[in-house]
Amino acid sequence: MNKVQKNFLAEKSLIKRIKNFTLNFLIAIVWLVKSMAKYLKKYLHIKSK
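Using UniProt numbering, you'd call the opening residue of the sequence shown number 1 and step up by one each time.
Okay, structure coming up:
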């Protein structure tokens, strides 16, 4: 394998890593928002009584 091919592969794996990281990050944010919403609903429900 020459240098150009190696660099290309390294960049591809980096992009893949960034994509995976972004995906996991988004999933974590969605999960966080959902659990926060659940908590807020409970909290607001208690307050409104």
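The C-beta atom is built at its ideal place from N, Cα and C for all residues, glycine as well.
Remember, predicted model here, so these are calculated numbers, not experimental data.
Quiz item: Under a three-way DSSP split, which group does ASN2 fall into?
Solution: The residue you call residue 2 lines up with position 2 of the sequence shown. ASN2 carries a coil assignment under DSSP once its states are collapsed to helix, strand and coil.
Self-check item: Same chain only: Cβ atoms within 8 Å of SER35, ignoring 5 sequence neighbours per side
Solution: Numbered from its first residue, the sequence shown carries residue 35 at position 35. Result list for SER35: empty, nothing under 8 Å.
Quiz item: Do you know offhand how far PHE8's Cα is from ILE18's?
Solution: Counting from one through the sequence shown, the residue named residue 8 turns up at place 8. Counting from one through the sequence shown, the residue named residue 18 turns up at place 18. Those two C-alpha atoms are separated by around 15 Å.
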